[in-house]
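This report refers to the structure that appears directly beneath it.
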Amino acid sequence: MSLAYVNLATDVYFVCLNHALSTEGEEIVGLLVGEVDENRVAHISAVVILRRSDKRKDRVEISPEQLSNASTEAERLACILKRPIRVIGWYHSHPKLTVWPSPIDVNTQDSYQMMDDGFIGMIFSVFNEDPSKKGGRIQMTCYQSQTVIEDGSVEKKRLDVPIRLVPANYISNVCMNALIQLPRYLCQEEQLAYQVTNQMQLDYLTRLHNSSVYLRSMGQIAEVICGPLLKMLEERILNNEIKRKKLQNKKKELTTVLEQIYKENARSRISESAVSSPGTAKCHLSPPISSEDETQTSIVQGEMTAEIPEILNIPVSPRSVSESLDPENSDGVLNLIPSSQMINEPSSMEIPAESSNYMSHGLSPTVKNTISEQKENNSPIPYPKN
Numbered sequence: 057m058s059l060a061y062v063n064l065a066t067d068v069y070f071v072c073l074n075h076a077l078s079t080e081g082e083e084i085v086g087l088l089v090g091e092v093d094e095n096r097v098a099h100i101s102a103v104v105i106l107r108r109s110d111k112r113k114d115r116v117e118i119s120p121e122q123l124s125n126a127s128t129e130a131e132r133l134a135c136i137l138k139r140p141i142r143v144i145g146w147y148h149s150h151p152k153l154t155v156w157p158s159p160i161d162v163n164t165q166d167s168y169q170m171m172d173d174g175f176i177g178m179i180f181s182v183f184n185e186d187p188s189k190k191g192g193r194i195q196m197t198c199y200q201s202q203t204v205i206e207d208g209s210v211e212k213k214r215l216d217v218p219i220r221l222v223p224a225n226y227i228s229n230v231c232m233n234a235l236i237q238l239p240r241y242l243c244q245e246e247q248l249a250y251q252v253t254n255q256m257q258l259d260y261l262t263r264l265h266n267s268s269v270y271l272r273s274m275g276q277i278a279e280v281i282c283g284p285l286l287k288m289l290e291e292r293i294l295n296n297e298i299k300r301k302k303l304q305n306k307k308k309e310l311t312t313v314l315e316q317i318y319k320e321n322a323r324s325r326i327s328e329s330a331v332s333s334p335g336t337a338k339c340h341l342s343p344p345i346s347s348e349d350e351t352q353t354s355i356v357q358g359e360m361t362a363e364i365p366e367i368l369n370i371p372v373s374p375r376s377v378s379e380s381l382d383p384e385n386s387d388g389v390l391n392l393i394p395s396s397q398m399i400n401e402p403s404s405m406e407i408p409a410e411s412s413n414y415m416s417h418g419l420s421p422t423v424k425n426t427i428s429e430q431k432e433n434n435s436p437i438p439y440p441k442n
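For the sequence shown, my numbering assigns the number 57 to the initial residue and increments by one for each residue that follows.
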């Protein structure tokens with residue numbers, strides 16, 4: 057049974073495309089790692105680059121040992137990603153060739169599908185020139201093999217499978233490690249080919265020629281693969297640093313906005329509380345008032361603060377406000393009540409001469425004179441004029 061379609065992550069596509077563009081005269085090969093759900097949809101999330109045992113312009117082969125190592129690598133990736141992933145496909149390149157699979161590619165795909173009916177194949181056609189656009193062209197296809205009976209004969213034909221690219225916000229660690237391992241695999245292939253030729257009985261000039269070809273191949277890998285890869289990684293680091301600075305500036309702006317919102321909310325709560333109780337203010341007295349010692353106490357009414365001595369525990373306000381301290385109030389809170397709300401209260405007090413020094417501050421001091429005595433005599437209490 058064929059697959060419905062294939063979901064290919066963009067970071068996996070990036071690694072496969074770089075692998076295909078690494079060599080212009082030879083085909084490359086690798087394995088696709090992922091999972092197939094119950095809806096027959098393949099999800100490819102990783103790639104395994106293989107070392108080629110035979111590399112030609114129109115043919116590529118991998119050894120059974122490489123397939124076994126790839127299965128072990130897929131199990132390791134499953135532990136890292138914590139997903140039941142496995143090898144579900146293979147890919148290779150067609151440099152300067154059409155993207156459609158050859159009969160050999162279809163037969164190879166059919167042999168893989170005998171072990172797993174969800175196995176897929178991908179082909180990347182690279183280094184092709186488009187005459188109409190006067191530039192290079194890169195093509196990709198995904199296929200499976202199907203058995204077709206025509207005129208009494210059984211044939212293997214390709215079955216195209218739709219493919220969808222799934223955007224990725226960043227290159228995963230698995231794909232980045234595979235991309236970094238690409239120059240190493242290419243160097244190992246060149247070293248293996250050079251060692252095989254050195255085991256033959258060759259003359260001096262042939263050995264010198266083989267050494268020169270080996271050095272040229274290694275230099276080409278460093279120039280074409282390692283150099284651009286290193287530059288790409290450096291540019292990604294710079295881009296990440298720029299993004300980090302932008303995010304930090306955005307964080308500072310948001311923090312400033314939040315602080316302003318908190319301040320505005322605090323001011324609005326204070327104004328709402330002042331509107332709800334406009335004639336009452338409260339002041340906590342600490343330490344407790346003593347009748348003998350003079351203790352400096354702050355009384356706050358609006359924005360005005362005055363420090364006065366406690367003599368009779370009856371503080372006096374500078375404006376036309378009469379104060380009363382509730383003797384039953386044990387929490388140390390002083391209630392200031394406007395004079396318009398008080399009935400039958402004295403409107404003036406007698407100020408002793410020794411306390412006249414408080415008048416310089418624009419405040420009326422308290423006097424050591426009980427209001428009860430004035431009430432018994434029914435005589436008014438004179439209030440000094442400032």
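Note that CB positions come from ideal geometry on N, CA and C, so glycine has one too.
- Beta-bridge partners of E185 (DSSP): G192.
- Between F175 and G208, the gap from beta carbon to beta carbon reaches 8 Å or more.
- Taking every protein chain shown into account, the CB of D161 has 16 or more other CB atoms within 10 angstroms, so this residue is buried.
- Counted as a single uninterrupted DSSP element, the stretch harbouring R108 is not any alpha helix (DSSP H), since DSSP gives it neither H nor E.
- About 7 Å separates the Cβ atoms of G177 and P157, confirming a contact at the 8 Å cut-off.
- Separation of I118 and L133 (C-alpha to C-alpha, rounded to the nearest whole angstrom) is 21 Å.
- Boundaries cannot be given for S78, as no alpha helix (DSSP H) includes it and DSSP labels it neither H nor E.
- Of the residues assessed, R214 falls on the buried side of the cut-off, its CB having 16 or more other CB atoms within 10 angstroms.
- DSSP, reduced to helix, strand and coil, places Y226 outside both helices and strands of the structure shown, so it counts as coil.
- Counted as a single uninterrupted DSSP element, the beta strand (DSSP E) harbouring S209 occupies residues 209 to 216.
- Taking one beta carbon from each stretch, the stretch 186 to 200 and the stretch 240 to 257 have fewer than 3 pairs nearer than 8 Å; the two do not touch.
- The C-beta distance from C231 to A130 rounds to 14 Å, too long to meet the 8 Å contact threshold.
- In the DSSP annotation of this structure, R96 is not part of any alpha helix (DSSP H), being labelled neither H nor E.
- With fewer than 16 other Cβ atoms inside 10 Å of its own Cβ, C135 counts as exposed.
- 8 Å or more divides the Cβ of V97 from the Cβ of L64.
- Rounded to the nearest whole angstrom, the C-alpha separation of P218 and V210 is 25 Å.
- Rounded to whole angstroms, the gap between the alpha carbons of H75 and P284 is 13 Å.
- From the listed residues T79, L88, V62, the smallest Cα separation to A234 is found for L88.
- Note on geometry: alpha-carbon atoms of G81 and R112 lie some 8 Å from one another.
- If you look at R142, you'll find it in the beta strand (DSSP E) that goes 142 to 151.
- According to the DSSP assignment, G86 belongs to the beta strand (DSSP E) that extends over 85 to 92.
- Taking 8 Å as the cut-off, the beta carbon of A126 is found closer than this to the beta carbon of L106.
- One thing to note: D216 has its Cβ within 8 Å of the Cβ of Y199.
- Shortest Cα-Cα distance from T197 to any of A330, E328, Y69 involves Y69.
- Residue environment for H265: exposed (fewer than 16 other C-beta atoms within 10 angstroms of its C-beta).
- The Cβ atoms of V222 and T66 lie closer than 8 Å to each other.
- Short of 6 Å from the beta carbon of F180, and not among the five residues preceding or following it, lie these beta carbons of its own chain, in chain order: A76, S149, M196.
- Of Q304, Q202, N184, the smallest CA-CA separation from S167 is found for Q202.
- Annotation: the continuous alpha helix (DSSP H) that includes L123 extends over 120 to 137.
- At a Cβ-Cβ threshold of 8 Å, V62 and R220 count as neighbours.
- Under the DSSP assignment, V269 falls in the alpha helix (DSSP H) whose first and last residues are 260 to 277.
- The three-state reading of DSSP puts Q257 in coil, since its state is none of H, G, I, E or B.
- DSSP, reduced to helix, strand and coil, places M178 within a strand of the structure shown.
- The alpha-carbon separation between R292 and N254 amounts to approximately 41 Å.
- The alpha-carbon of A322 is positioned some 10 Å away from that of Q316.
- Pairing D93 with K307, the inter-Cα distance amounts to about 41 Å.
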